[in-house]
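Residue numbers (the numbering used here): 26 to 207.
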């Protein structure tokens with residue numbers, strides 16, 4: 026009724042009995058139930074060809090762009106990848122138009138470090154990427170526009186789960202004198 030589920034068959038690892046005594050079996054059961062539910066949703070998506078794309082509009086400096094991205098809990102279908110590829114140039118052009126006066130940083134070490142980057146470097150990343158996703162955080166002087174340039178499956182690229190077949194680079198645009206907040 027309240028959305029809490031357990032997989033009663035899930036047990037501690039069984040690898041090390043000493044460590045298994047400290048592992049909360051309730052937590053393992055909840056995690057396994059969540060993973061099983063997510064897998065069922067992904068199978069349903071594939072079987073019924075349910076897109077994982079969500080569309081969002083972004084308005085910056087009076088300019089608006091409607092951008093697709095894969096929902097964080099869903100997977101991409103081949104048709105979704107085709108849509109992302111078709112929208113890449115529009116998204117990149119919008120991003121370039123609104124970031125002409127901003128400093129550009131490449132995210133490194135899973136967003137823990139940022140390196141100032143030149144347009145030539147971005148062009149090389151653009152050349153090898155298949156799709157683009159645009160997001161923003163902050164506002165006014167702390168506005169940060171993040172361009173994710175990726176290849177392969179977006180759901181595998183986010184956390185580098187599918188590397189090297191899937192992956193992405195993040196480019197952050199921030200006001201001059203500011204650094205990305207991540």
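Cβ atoms here follow ideal geometry from the backbone N, Cα and C, with glycine treated the same way.
If you compare alpha carbons, which of the options is closest to residue i?
i	options	result
residue 113	106, 177, 86, 156	156
residue 137	204, 63, 51	204
residue 15	201, 96, 152	Lying outside 26 to 207, the shown extent of the chain, residue 15 is not represented and no answer is given.
residue 201	167, 185, 55	167
residue 79	106, 164, 196	106
residue 82	144, 125, 119, 189	119
residue 74	59, 57, 51, 99	99
residue 109	135, 176, 55, 56	176
residue 63	143, 180, 196	180
residue 126	185, 61, 111, 143	143
residue 271	186, 145, 189	The requested residue 271 does not occur in the structure, where the chain is confined to residues 26 to 207.
Within the continuous alpha helix (DSSP H) that includes residue i, where are the two ends?
i	result
residue 182	179 to 182
residue 144	144 to 153
residue 88	Careful: residue 88 lies outside any alpha helix (DSSP H), inside the beta strand (DSSP E) at 88 to 95.
residue 109	103 to 123
Taking the beta strand (DSSP E) that residue i belongs to, which residues open and close that run?
i	result
residue 157	156 to 162
residue 206	Counting along the chain, residue 206 falls outside any beta strand (DSSP E), and DSSP gives it neither H nor E.
residue 128	128 to 133
residue 167	Counting along the chain, residue 167 falls outside any beta strand (DSSP E), and DSSP gives it neither H nor E.
residue 192	192 to 199
residue 138	138 to 141
residue 85	78 to 85
Less than 7 Å between the C-beta atoms of residue i and residue j, yes or no?
i	j	result
residue 123	residue 85	yes
residue 141	residue 154	no
residue 104	residue 77	no
residue 159	residue 206	no
residue 191	residue 198	no
So, is the C-beta of residue i closer than 7 Å to a C-beta in chain C?
i	result
residue 136	Reference to chain C is not applicable here, since this structure consists of a single protein chain.
- Is the segment 52 to 69 in contact with the segment 82 to 97, if contact means three or more CB pairs nearer than 8 Å? no
- Query: Quick check: the segment 123 to 132 against the segment 142 to 152, are there 3 or more CB pairs under 8 Å?
  - Reply: yes
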